[in-house]
Amino acid sequence: MKQIVKDYIYLLTGSVFVASAFSLFLLPNNLASGGVSGISIITYELFNISPGAFQLVSNVLLLLVGWMILGLGFGVKSLVGSIFLPGVILFYEAIDAGAAVNDTLLAAIFGGAGVGIGLGLIFRGRASTGGMDLLAQILHKFTHIPLYLCIAILDGAVVLVAAVTFSFTTGLYALIALFITIKMIDFVQLGFTQDKMAYVISEKRAVITRAVFDELDRGATEIQAIGAYSRLERPMLLVVVRQNEVSRLKEIIRRIDPDAFLIFSEAHEVMGQGFTSDKRYINVP
Numbered sequence: 002m003k004q005i006v007k008d009y010i011y012l013l014t015g016s017v018f019v020a021s022a023f024s025l026f027l028l029p030n031n032l033a034s035g036g037v038s039g040i041s042i043i044t045y046e047l048f049n050i051s052p053g054a055f056q057l058v059s060n061v062l063l064l065l066v067g068w069m070i071l072g073l074g075f076g077v078k079s080l081v082g083s084i085f086l087p088g089v090i091l092f093y094e095a096i097d098a099g100a101a102v103n104d105t106l107l108a109a110i111f112g113g114a115g116v117g118i119g120l121g122l123i124f125r126g127r128a129s130t131g132g133m134d135l136l137a138q139i140l141h142k143f144t145h146i147p148l149y150l151c152i153a154i155l156d157g158a159v160v161l162v163a164a165v166t167f168s169f170t171t172g173l174y175a176l177i178a179l180f181i182t183i184k185m186i187d188f189v190q191l192g193f194t195q196d197k198m199a200y201v202i203s204e205k206r207a208v209i210t211r212a213v214f215d216e217l218d219r220g221a222t223e224i225q226a227i228g229a230y231s232r233l234e235r236p237m238l239l240v241v242v243r244q245n246e247v248s249r250l251k252e253i254i255r256r257i258d259p260d261a262f263l264i265f266s267e268a269h270e271v272m273g274q275g276f277t278s279d280k281r282y283i284n285v286p
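Numbering (the numbering used here), first residue to last: 2 to 286.
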């Protein structure tokens with residue numbers, strides 16, 4: 002029950018973010034950055050159809066078509082999202098909110114970021130708002146084109162039509178908004194932490210492991226690796242540390258083995274003991 006409530010909080014909060022970014026930044030500046038929302042901006046310009054009403058009808062119809070063709074169990078949450086998000090847009094239309102900014106570049110940046118944050122929250126709530134993702138899945142089913150490419154084709158087509166409808170420059174700004182949206186979805190999905198993964202290859206891995214335990218209070222995992230040239234087995238250490246522990250780990254490795262091979266990479270979201278749960282200590286040999 003607690004997880005269900007949490008999912009709906011993510012869904013409703015995310016929908017408000019998406020609807021607000023759309024109504025205050027994208028729509029007033031004609032930034033049709035893909036999706037059903039982008040089509041609604043174009044139809045509003047050409048036929049004066051309410052964007053909120055267009056998205057409401059389109060989302061519900063696409064859910065029904067998706068259920069009939071793909072046989073997907075979208076569930077109640079997706080239906081709620083498909084109705085609630087356009088409902089918020091209709092509210093902004095009713096109060097005639099207008100544009101938050103009149104600078105197209107700022108609108109692309111903040112509108113794209115707001116939509117990305119909102120969609121990221123919706124996905125964290127394990128929900129959907131229907132839309133072009135369903136069309137992409139239908140296209141993938143009948144053409145066997147990779148799903149990511151189907152999404153790119155459909156969003157690209159919307160941006161292209163927007164460039165013809167409004168202007169080439171507006172289309173380029175819409176591409177900026179779309180790019181920022183994709184990046185912000187990843188940012189929200191992967192988490193806000195800046196932890197690091199360290200891969201260590203050293204003949205003195207046992208000593209390094211002991212120092213990591215004692216001096217950093219962190220764990221380590223040995224990964225079996227084979228040198229491509231020598232064909233010798235050289236186990237590699239995987240150590241996950243906080244950002245403020247990176248320098249200390251470097252010092253430990255340099256002190257013990259100056260010839261060690263060390264690689265750092267991003268770890269966007271780390272879950273488990275010592276990071277998202279309390280540490281539990283056991284005897285270490």
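Glycine included, each C-beta is placed from N, C-alpha and C at the ideal position. The structure presented is a predicted model; accordingly, all values stated were derived computationally and were not measured.
- Per DSSP, reduced to three states, the secondary structure at A101 is coil, with no helix or strand assignment.
- For D258, no alpha helix (DSSP H) segment is defined, and its DSSP state is neither H nor E.
- Closest in alpha carbon position to F143, among R219, I224, I70 and A212, is I70.
- In the three-state reduction of the DSSP assignment, K7 falls in the helix class, which pools H, G and I.
- For A178, the uninterrupted alpha helix (DSSP H) segment begins and ends at F169 to L191.
- A distance of 7 Å or more separates the beta carbons of M237 and I257.
- For the 7 Å CB-CB criterion, C151 and A163 do not form a contact.
- Y93 sits in a helix when the DSSP states are folded into three classes.
- In this structure, the alpha-carbon of R211 lies about 17 Å from that of L263.
- One alpha carbon belongs to G99, the other to I253, and they sit about 57 Å apart.
- Close CB contacts of E94 within its chain, under the 8 Å cut and outside five residues either way in sequence, are with S24, S51, P52 and G53 (chain order).
- Cβ neighbours of A101 within its own chain (closer than 7 Å, five residues either side excluded): L25 and F26.
- Residue pairing from DSSP places M237 in a beta bridge opposite I202 and I224.
- S38 carries a helical assignment under DSSP once its states are collapsed to helix, strand and coil.
- Only buried fits S34, as 16 or more other CB atoms lie within 10 angstroms of its CB.
- Pairwise C-beta distances place the region 81-95 out of contact with the region 154-174, as fewer than three of them are shorter than 8 Å.
- Nearest C-alpha to S129 among L140, N60, V159 and N31: N60.
- Taking the Cα positions, A261 is about 16 Å away from M198.
- Restricting attention to R249, Y230, L28 and F214, the CA atom closest to the CA of G112 is found in L28.
- When DSSP states are grouped into helix, strand and coil, S266 belongs to the strand group.
- For L140, the enclosing alpha helix (DSSP H) begins and ends at M133 to T144.
- A check of alpha carbon separations from T170 across N31, I123, R243 and R255 identifies N31 as the nearest.
- In this structure, the beta-carbon distance from A178 to G115 does not fall below 7 Å.
- Taking a cut-off of 8 Å for Cβ pairs, the region 227-241 and the region 180-191 do not touch, as fewer than three such pairs fall below it.
- With respect to I202, R235 sits close: the two C-beta atoms are nearer than 7 Å.
- Within the same chain, P87 come within 6 Å of L57 by CB-CB distance, once the 5 residues on both sides are set aside.
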